[in-house]
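Numbering (my numbering), first residue to last: 275 to 357.
Idealized CB from N, CA, C, for every residue including glycine.
These figures come from a predicted structure and were not determined experimentally.
Okay, structure coming up:
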């Protein structure tokens, strides 16, 4: 189990589940790419930061996706406020 996390495969599994969720929302609910990006984009970016941390990447590989998740999250909040 330790190798599963240390290799980053735990984060890969979570990213796979997020991808399945995105496909399901797109096909069954007709969500737009923008809606999917707003809802699942921040989660995917945070998980990418987690993967970088688990695999011992440099600090900026961890910080970059975490920082990039904020604009997508704000975009989602703004869209929900309008809708």
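Alpha carbon to alpha carbon, what distance is there between residue 277 and residue 315? Rounded to whole angstroms, residue 315 to residue 277 spans 27 angstroms at the Cα level.
What would DSSP say about residue 281, mapped onto helix, strand or coil? DSSP places residue 281 in coil when its eight states are reduced to three.
Keeping to the same chain, check which residues put their C-beta closer than 8 angstroms to that of residue 279; ignore five residues upstream and five downstream. So the list reads 328, once near-sequence residues are dropped.
Strictly under 9 angstroms for the Cβ-Cβ distance: is residue 340 near chain C by that measure? As a matter of chain content, chain C is missing from the structure shown, which is built from one protein chain.
One question on the structure: do residue 285 and residue 322 come within less than 9 angstroms of each other, judged by their Cβ atoms? With respect to residue 322, residue 285 sits close: the two C-beta atoms are nearer than 9 angstroms.
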